[in-house]
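Enquirer: Quick one: structure below, then a few questions.
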Amino acid sequence: MVQDTSLHATYGVDEDDEVIAEIPLYMSNRVANYLHIFQYPLRAVPFGPDSQPVAARIKPKAKMVELDLAFDTPSRNYDKDRGHELALGTNDKAIRTALDGMMDVDEEEEHDVLDRQTLGSEILPGNTKYMVGVFKDDEIHLTPVARIMQMRPTLRYLDKIDDKKRISERRIQEADTNEEPKEIPTKSTALQMSMKSNNPDAQPKENVYSSDHRFAEQEMWTKLHYFDETTDQSNAIFDQLFSASKDPVECTTTASQYLEKLSAP
Numbered sequence: 034m035v036q037d038t039s040l041h042a043t044y045g046v047d048e049d050d051e052v053i054a055e056i057p058l059y060m061s062n063r064v065a066n067y068l069h070i071f072q073y074p075l076r077a078v079p080f081g082p083d084s085q086p087v088a089a090r091i092k093p094k095a096k097m098v099e100l101d102l103a104f105d106t107p108s109r110n111y112d113k114d115r116g117h118e119l120a121l122g123t124n125d126k127a128i129r130t131a132l133d134g135m136m137d138v139d140e141e142e143e144h145d146v147l148d149r150q151t152l153g154s155e156i157l158p159g160n161t162k163y164m165v166g167v168f169k170d171d172e173i174h175l176t177p178v179a180r181i182m183q184m185r186p187t188l189r190y191l192d193k194i195d196d197k198k199r200i201s202e203r204r205i206q207e208a209d210t211n212e213e214p215k216e217i218p219t220k221s222t223a224l225q226m227s228m229k230s231n232n233p234d235a236q237p238k239e240n241v242y243s244s245d246h247r248f249a250e251q252e253m254w255t256k257l258h259y260f261d262e263t264t265d266q267s268n269a270i271f272d273q274l275f276s277a278s279k280d281p282v283e284c285t286t287t288a289s290q291y292l293e294k295l296s297a298p
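Just so you know, we're using the working numbering here: the sequence shown kicks off at 34 and counts up by one.
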């Protein structure tokens, strides 16, 4: 008995489904180190002409990105009272208390509102390798993706409001007890954590998260310019997705080996 080793017998491939075209495949690494995929899991609609990010920045060593999105503050759906409360977390003004007395007309507090939302990046684990492909002139050009990031709202302004409230409450307590004012630190610091070992002679190891967090906090933000897909700058980057070399990618894997790699273990 002769065993049928054809693709149809082994994998159920329809041999009558003939190949109708062969397309040259090229690899491009011109922007491979900078090509990112941004995902917005909490955003229901894509960015439109009137909703593009108004600011962008990056910490290249820490691999962190932030985007600022403007709120439509004149809209009837915007709660200006709540926006004024949250704006306390975006400036350095102290929360006024009864100790500050009445404000003069010239000193009347400006009613700032929270006018933007900041999205911060979170890197997804690299369990798979993604590539961006462009098709032009009957050719496919592939560029590896450096990393995938999910963008979610950051709420640092809430932490700053809590810090201001603690300071104002401390001021009132010190005034009631006639204590000397004490400076209260408001800047967040990385927690110092260590890993315990069963070996009594082993030195405690600093927690990796603490070290990475401190490293990220110390790195300064670098401003970026944001360009949407309709701009000349974006078109120039798009052109770099095409390989400068026309040497075709040679496949050393047979069809059977390829299907074997795709199948579950």
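Here a beta-carbon is modelled for each residue, glycine too, at the ideal position from N, C-alpha and C.
For a test of the three-state rule: what should DSSP assign to R63, helix, strand or coil?
Expert: Residue state, collapsed to three classes: coil.
Enquirer: With C-beta atoms as the reference, is Y259 less than 7 Å away from A95?
Expert: Going by C-beta atoms, Y259 is not nearer than 7 Å to A95.
Enquirer: Could you check where the alpha helix (DSSP H) with E202 kicks off and where it finishes?
Expert: Note, E202: alpha helix (DSSP H), R189 to T210.
Enquirer: Can at least three beta-carbon pairs, one atom from the segment 161–175 and one from the segment 189–198, be found at a separation below 8 Å?
Expert: With the cut-off at 8 Å, the segment 161–175 and the segment 189–198 do not touch.
Enquirer: Here's a check: name, in chain order, each residue in its chain whose Cβ is nearer than 8 Å to the Cβ of T255, leaving out the five neighbours to either side.
Expert: Within the same chain, T255 has close Cβ partners R90, I91, K92 and P93.
Enquirer: Is it true that the CB of V64 sits closer than 7 Å to the CB of Q273?
Expert: Cβ atoms of Q273 and V64: closer than 7 Å.
Enquirer: Is K301 buried or exposed, if buried means 16 or more other CB atoms sit within 10 Å of its CB?
Expert: Here the chain covers residues 34 to 298 and nothing more, so residue 301 does not appear.
Enquirer: What does G153 pair with, by DSSP beta-bridge criteria?
Expert: According to DSSP, G153 bridges with E99 and R185.
Enquirer: Would you say the segment 273–293 touches the segment 106–119, given that touching needs at least three Cβ pairs under 8 Å?
Expert: No: the two stretches stay apart, fewer than three of their Cβ pairs being nearer than 8 Å.
Enquirer: Would you identify the three-state DSSP class for D139, choosing helix, strand or coil?
Expert: For D139, the pLDDT reaches just 46, beneath the cut-off of 50, and the residue's location in the model is therefore unreliable, leaving the point undetermined.
Enquirer: With C-beta atoms as the reference, is Q150 less than 7 Å away from L102?
Expert: Cβ atoms of Q150 and L102: closer than 7 Å.
Enquirer: Going by C-alpha distance, which of I53, Y163 and L147 is nearest L188?
Expert: For the residues I53, Y163 and L147, the minimum Cα distance to L188 belongs to L147.
Enquirer: Could you have a look at H117 and say whether DSSP puts it in helix, strand or coil?
Expert: In this structure, H117 counts as helix in the three-state DSSP scheme.
Enquirer: Using a Cβ cut-off of 7 Å (strictly closer), state whether A208 contacts chain C.
Expert: Note that chain C does not occur in the displayed structure, where there is just one protein chain.
Enquirer: From the DSSP output, in three-state form, read off G166 for me.
Expert: In this structure, G166 counts as strand in the three-state DSSP scheme.
Enquirer: Given that a residue counts as buried once 16 or more other Cβ atoms are within 10 Å of its Cβ, and exposed if not, what is M184?
Expert: The residue in question, M184, is buried, as its Cβ has 16 or more Cβ neighbours within 10 Å.
Enquirer: Assign Y291 to one of two classes, buried (16 or more other C-beta atoms within 10 Å of its C-beta) or exposed (fewer than that).
Expert: Answer is exposed; the Cβ neighbour count stays below 16.
Enquirer: Quick one, which of S84, R247, L295 and M164 has its alpha-carbon nearest M60's?
Expert: Comparing Cα positions, the closest option is M164.
Enquirer: In angstroms, rounded to a whole number, what distance separates the CA positions of E155 and K113?
Expert: Each residue's alpha carbon lies about 30 Å from the other.
Enquirer: Could you tell me which residues DSSP puts in a beta bridge with T176?
Expert: Per DSSP, V165.
Enquirer: From the DSSP output, which residues share a beta bridge with K92?
Expert: BP columns for K92 point to M97.
Enquirer: Tell me whether P86 is buried or exposed, calling it buried when 16 or more other Cβ atoms sit within 10 Å of its Cβ.
Expert: It counts as buried.
Enquirer: Alpha carbon to alpha carbon, how far is H174 from I181?
Expert: Taking the straight line from one Cα to the other gives about 20 Å.
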